[in-house]
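Undergrad:
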Amino acid sequence: EEERLIQSDKLSMAGQLAAGIAHEIRNPMTSIKGFVQLIRSGAGRKDQYFDIISSEIERIELIVSELLFLAKPQSVKFERTDIRQLLEQVITLLNTQAIIHNVEIITDFGAHEASVDCDVNHLKQVFINFIKNAVESMPDGGELTIRLGRGEGHTIAIHFIDNGYGIPESILSRLGEPFFTTKEKGNGLGFMISKKMIEDHKGEVHVSSKLQVGTTISVILPMA
Ligand code: ADP
Ligand code: MG
Numbered sequence: 132e133e134e135r136l137i138q139s140d141k142l143s144m145a146g147q148l149a150a151g152i153a154h155e156i157r158n159p160m161t162s163i164k165g166f167v168q169l170i171r172s173g174a175g176r177k178d179q180y181f182d183i184i185s186s187e188i189e190r191i192e193l194i195v196s197e198l199l200f201l202a203k204p205q206s207v208k209f210e211r212t213d214i215r216q217l218l219e220q221v222i223t224l225l226n227t228q229a230i231i232h233n234v235e236i237i238t239d240f241g242a243h244e245a246s247v248d249c250d251v252n253h254l255k256q257v258f259i260n261f262i263k264n265a266v267e268s269m270p271d272g273g274e275l276t277i278r279l280g281r282g283e284g285h286t287i288a289i290h291f292i293d294n295g296y297g298i299p300e301s302i303l304s305r306l307g308e309p310f311f312t313t314k315e316k317g318n319g320l321g322f323m324i325s326k327k328m329i330e331d332h333k334g335e336v337h338v339s340s341k342l343q344v345g346t347t348i349s350v351i352l353p354m355a
């Protein structure tokens, strides 16, 4: 009975994925088709149309590459890494974007030992996803605090604390569902992929949120 339950869970997951992929890829496809027709008819500004076509292709590419991450067993390359340095790198990468959106990134790293055996590229991707989500949750600007601390046992905790619009209860339970997004330009893959990557590191992700107050995403990782 339990086996069957697990099986049907898998099917619905596959069904969800298939529906999501079809939907996410059909939209840019439709737009590409339309612009190709426009170019063929000789109307309007070709270079502008080519730009749109390129960005639609990029959208498809991003979805495909994120899905491939789930499809094939990843060769995770673990190296001993200072999480502090990794966070600094990612913040440098995203700071301009944050400033454009009126978001101040505040770091509170303390003096904690933060050495972790991890796949640097995967964890970077996780941090990028959570920082982007935080910035996107503050359309009128705000603060994102990134705090490093100790978790329970031999773990470290990285908290991403925003004062954005928060996550309603009904959405909280759907976080991590493939293609679940509340954003016009979102693809709803970031959280799911991040959770998978963290679990590959034997870590955990916790979410706590209050509407109109903000959201805290906590990443717990085993210490090296
Ligand atoms: P996307 O960002 O493309 O929508 P994600 O998987 O990254 O996809 O996030 C899924 C959804 O979770 C978002 O659309 C949003 O509704 C919600 N969410 C995630 N992080 C936050 C956050 N920090 N504040 C508010 N909502 C969030
Ligand atoms: Mg996102």
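Residue numbers for the sequence shown follow UniProt numbering, beginning at 132 and rising by one. Glycine included, each C-beta is placed from N, C-alpha and C at the ideal position.
Please classify R342: is it buried, with 16 or more other beta-carbons within 10 angstroms of its beta-carbon, or exposed?
TA: In the sequence under discussion, the amino acid at residue 342 is Leu, which differs from the Arg named in the question. Burial call: exposed.
Undergrad: Please return the same chain residues whose Cβ sits closer than 6 angstroms to the Cβ of T347, not counting the five positions on each side in sequence.
TA: Taken in chain order, the residues that qualify are H290, I292 and S339.
Undergrad: With DSSP run on the structure shown, which of helix, strand or coil describes F291?
TA: Reduced to three states, the DSSP call for F291 is strand.
Undergrad: Just mark V195 as buried or exposed, buried being the case when its beta carbon has 16 or more other beta carbons within 10 Å.
TA: It is exposed - the Cβ of V195 has fewer than 16 other Cβ atoms within 10 Å.
Undergrad: Would you mind working out which of L279, R215 and E267 sits nearest E315, comparing C-alpha positions?
TA: Cα-wise, what sits closest to E315 is E267.
Undergrad: Is DSSP giving V336 helix, strand or coil here?
TA: Of the three classes helix, strand and coil, the one that applies to V336 here is strand, per DSSP.
Undergrad: For G317, verify whether its CB is less than 7 angstroms away from any heavy atom of ligand 2.
TA: Yes; taking the cut-off as 7 angstroms, the Cβ of G317 has a heavy atom of ligand 2 nearer than that.
Undergrad: Which residues end up in the neighbourhood of ligand 2 when you take C-beta atoms closer than 5 angstroms to any of its heavy atoms?
TA: Ordered along the chain, the selected set is N264 and G321.
Undergrad: Using a Cβ-based criterion (distance less than 7 angstroms to any ligand heavy atom), does I348 qualify as near ligand 1?
TA: For ligand 1, at least one heavy atom lies less than 7 angstroms from the Cβ of I348.
Undergrad: Cβ of residue 356 versus every heavy atom of ligand 1: is any distance shorter than 7 angstroms?
TA: With the chain covering only 132 through 355, there is no way to say anything about residue 356.
Undergrad: Cα separation between H285 and A245?
TA: Those two C-alpha atoms are separated by around 11 angstroms.
Undergrad: Tell me the DSSP secondary structure of G222 in three-state form.
TA: The residue you asked about is not Gly; residue 222 is Ile in the sequence shown. The answer is helix: DSSP assigns I222 an H, G or I state.
Undergrad: Under DSSP, the alpha helix (DSSP H) around D182 begins and ends at which residues?
TA: Residues K177 to A202.
Undergrad: Could you compute how far the alpha carbon of S162 sits from the alpha carbon of Q179?
TA: Each residue's alpha carbon lies about 13 angstroms from the other.
Undergrad: Could you give the residue range of the beta strand (DSSP E) that holds E274?
TA: Where E274 is concerned, the enclosing beta strand (DSSP E) stretches over G273 to R281.
Undergrad: Is it true that the CB of V247 sits closer than 8 angstroms to the CB of I287?
TA: Against a cut-off of 8 angstroms, the Cβ pair of V247 and I287 comes out as a contact.
Undergrad: Can you determine whether any heavy atom of ligand 1 sits closer than 7 angstroms to the C-beta of S268, and answer yes or no?
TA: Yes, the beta carbon of S268 sits closer than 7 angstroms to at least one heavy atom of ligand 1.
Undergrad: How about the stretch 300 to 316 and the stretch 148 to 163: do they share at least three Cβ pairs that are nearer than 8 angstroms?
TA: Contact holds: three or more Cβ-Cβ distances are below 8 angstroms.
Undergrad: Just list the residues that DSSP pairs S246 with in beta bridges.
TA: Per DSSP, D213.
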